[in-house]
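Student: Numbering (our numbering), first residue to last: 691 to 721.
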Amino acid sequence: PYLMQIGLLSRTKAGRIVTDAAYTHLGLKKP
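1. Cβ of L699 within 9 Å of Cβ of H715?
2. Could you tell me the boundaries of the beta strand (DSSP E) in which T702 lies?
3. Got a sec? Which residues, its chain only, sit under 8 Å from T709 by beta carbon, not counting five neighbours each side?
4. Could you check the C-alpha separation between P691 and T702 for me, to the nearest Å?
5. Looking at the secondary structure, which residues open and close the beta strand (DSSP E) in which I696 lies?
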């Protein structure tokens, strides 16, 4: 729940997905 509150995870019908903000925060490139 915390990661969803700060915008790093998003809920979809398919499940939870990592947002663009999470990749930026972690310094990773989107696959």
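All C-beta atoms in this analysis are idealised placements derived from N, C-alpha and C, irrespective of residue type, glycine included.
Tutor: The relevant details are as follows:
1. no
2. L699 to T702
3. G697, L698, L699 and S700
4. 14 Å
5. From DSSP, I696 is part of no beta strand (DSSP E); its letter is neither H nor E.
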